[in-house]
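Colleague: Pasting a structure here, questions to come.
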Amino acid sequence: MRTSIIFLLTALLLSACGTQQLPPTRSAAYYFQEGERLFERELYEDAVASWERVRDSYYSPELNILAELKIAEAYYLAEMYVEAAATYESFLKNHPDSDHGQRVLYYLGMSYYKQVLPANRDQTATHNTIVTFRNLLKLYPETSQKVEVEDYIHFCRNRLAQHEVLVGRFYVRTDKADAAIMRLEAVLADYPDFTTREQLYYLLGEAYLQKEDKTKAVESFNNLYANYPDSKYIKKAKKSLSNYF
C-alpha cells in the first residue's frame, strides 16, 4: 500500500512538471513600451523599473540611450531630484558626445536647482547648479534657454552670497573680526551682482569697529545709508558709531 502511494505521488509530480508553462520571455521592446504606458499614467517609479529592464538587457546602444533618458525624465517628474541628477550625470559620462547633451545638461542643472536649500543650509546643490548651467552656456551658447539659465545662475549666486553674509554675521557676533572682514569683503569682490547688500554693509561696519578701524567702519556705514536710506540697520549703525566717537 505504501509503495502504491509513493508511486502515485511521483506520477502526479511528473505530470505537473510536464504541463507547467514557464512565463514567456519579454523583449526589450515590450518593456520599453510598458514603461511608456506607465509613464503616461504618471506611475513614474514603475516606469523606471520597466526601462531599467531595457537598459540592463543591452539589446541595442540606441534603445539603451533612450531608456536611460526616460529613466532620468521619470525621476525628475517624480520629484526624485537626487536620483534624476545621478542618472543625468551617468548619461553624460557614458555618452559624452550624445546629440542629447544640451537637453541633458539643462535637466541636470534643474535637478540640482530643485535641491537648492535656504541660505543658512548647505550650498552644495547651489554650487552644482551654477557649474552645470555655466557648462551648458559654454557648450551651447546659442541655446534658446539662455535667458532662463542666466536667471537661475543669478539666483544661485545671490544665494551663495547670502550664505557668506550669514557666516560673516556669525563671526561678528562671536567677536572674530578678522574672519568676518575676510568673508564680507570677499562677497563684495566675488559677487558684484549681489543685490541685497543692506545687512552686509552693516556687518562690515561692525567688524571694522571691532578692529577699531573707524575709517573703514564709517565707509561701510556710509555705503549702507547711501544705498538703503530707509534701512532698519541705519539706527543700529548710528548707535554703534556713537559708542566710538
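Basically my numbering = 1-based index in the sequence shown + 511.
Backbone N, C-alpha and C define an ideal beta-carbon position, used for all residues, glycine too.
Considering only C-alpha positions, which residue in the set T643, S561, A595, L628 is nearest to I664?
Modeller: Residue mapping note: residue 664 aligns to position 153 of the sequence shown, counting from 1. Per the Cα distances, T643.
Colleague: First and last residue of the alpha helix (DSSP H) that includes H674?
Modeller: Your numbering for residue 674 matches position 163 in the sequence shown. Residues 657 to 684.
Colleague: Tell whether a beta-carbon distance below 8 Å holds between T598 and A583.
Modeller: Translated into positions along the sequence shown, residue 598 becomes position 87. Translated into positions along the sequence shown, residue 583 becomes position 72. Yes, the pair counts as a contact, with Cβ atoms nearer than the cut-off.
Colleague: Hey, quick one: how far does the alpha helix (DSSP H) through Q544 stretch, first residue to last?
Modeller: Here residue 544 refers to the residue found at position 33 when the sequence shown is read from its first residue. Where Q544 is concerned, the enclosing alpha helix (DSSP H) stretches over 539 to 551.
Colleague: Could you work out which residue in V565, T635, R552 is closest to Y624 when comparing CA atoms only?
Modeller: Counting from 1 along the sequence shown, the entry for residue 624 is found at position 113. The residue with the shortest Cα to Cα distance from Y624 is T635.
Colleague: For the alpha helix (DSSP H) that contains R566, what are its first and last residues?
Modeller: Position 55 of the sequence shown, counting from 1, holds the residue named residue 566. Run containing R566: 555 to 568, per the alpha helix (DSSP H) assignment.
Colleague: Taking all protein chains shown into account, do 16 or more other C-beta atoms lie within 10 angstroms of the C-beta of S622, making it buried, or fewer, making it exposed?
Modeller: Reading the sequence shown from its first residue, position 111 is the one you call residue 622. The residue in question, S622, is buried, as its Cβ has 16 or more Cβ neighbours within 10 Å.
Colleague: Rounded to a whole number of angstroms, what is the C-alpha to C-alpha distance between P535 and D662?
Modeller: Residue 535 sits at position 24 when you count from the first residue of the sequence shown. Residue 662 sits at position 151 when you count from the first residue of the sequence shown. Note on P535: pLDDT 47, under 50, position unreliable in the model; the coordinate value appears next. Taking the straight line joining both Cα atoms gives about 52 Å.
Colleague: Which residue wins for smallest C-alpha separation from N738, given the options Y713, Y719, N754?
Modeller: Against the sequence shown, residue 738 aligns to sequence position 227. Measuring from the Cα of N738, the nearest candidate turns out to be Y713.
Colleague: Is it buried or exposed, L628, if we count other Cβ atoms within 10 angstroms and call 16 or more buried?
Modeller: To locate residue 628, count along the sequence shown from 1; it is residue 117. Classification of L628: exposed, given that the 10 Å Cβ count is below 16.
Colleague: Less than 8 Å separating the beta-carbons of F550 and L574?
Modeller: Within the sequence shown, residue 550 is the residue found at index 39, counting from 1. Within the sequence shown, residue 574 is the residue found at index 63, counting from 1. No, the pair does not count as a contact, with Cβ atoms beyond the cut-off.
Colleague: Here's the rule: buried if 16 or more other CB atoms are within 10 angstroms of the residue's CB, otherwise exposed. What is T726?
Modeller: Looking up residue 726 in the sequence shown gives position 215. It counts as exposed.
Colleague: Sorted by chain position, which residues of the same chain lie with C-beta nearer than 7 Å to T637's C-beta, five sequence neighbours on each side aside?
Modeller: For the purposes of this step, residue 637 is taken as residue 126 along the sequence shown, with counting starting at 1. Hits under 7 Å: V627, C667, R670, L671.
Colleague: Identify whether Q479 lies in helix, strand or coil by the three-state DSSP scheme.
Modeller: Here the chain has residues from 512 to 756 only, and residue 479 is not among them.
Colleague: If we count the other Cβ atoms within 10 Å of its Cβ and call it buried at 16 or more, is V676 buried or exposed?
Modeller: Translated into positions along the sequence shown, residue 676 becomes position 165. By the 10 Å Cβ count, V676 comes out buried.
Colleague: Which residue wins for smallest C-alpha separation from L647, given the options A630, G620, D633?
Modeller: The residue given as residue 647 occupies position 136 in the sequence shown. It is G620 whose Cα lies nearest to the Cα of L647.
Colleague: How many Å lie between L752 and K649 at the Cα?
Modeller: To locate residue 752, count along the sequence shown from 1; it is residue 241. To locate residue 649, count along the sequence shown from 1; it is residue 138. Looking at the two C-alpha atoms, the distance is approximately 47 Å.
Colleague: Flag this pair as yes or no: are the beta carbons of Y617 and A585 separated by less than 8 Å?
Modeller: By 1-based counting over the sequence shown, the position of residue 617 is 106. By 1-based counting over the sequence shown, the position of residue 585 is 74. Against a cut-off of 8 Å, the Cβ pair of A585 and Y617 comes out as no contact.
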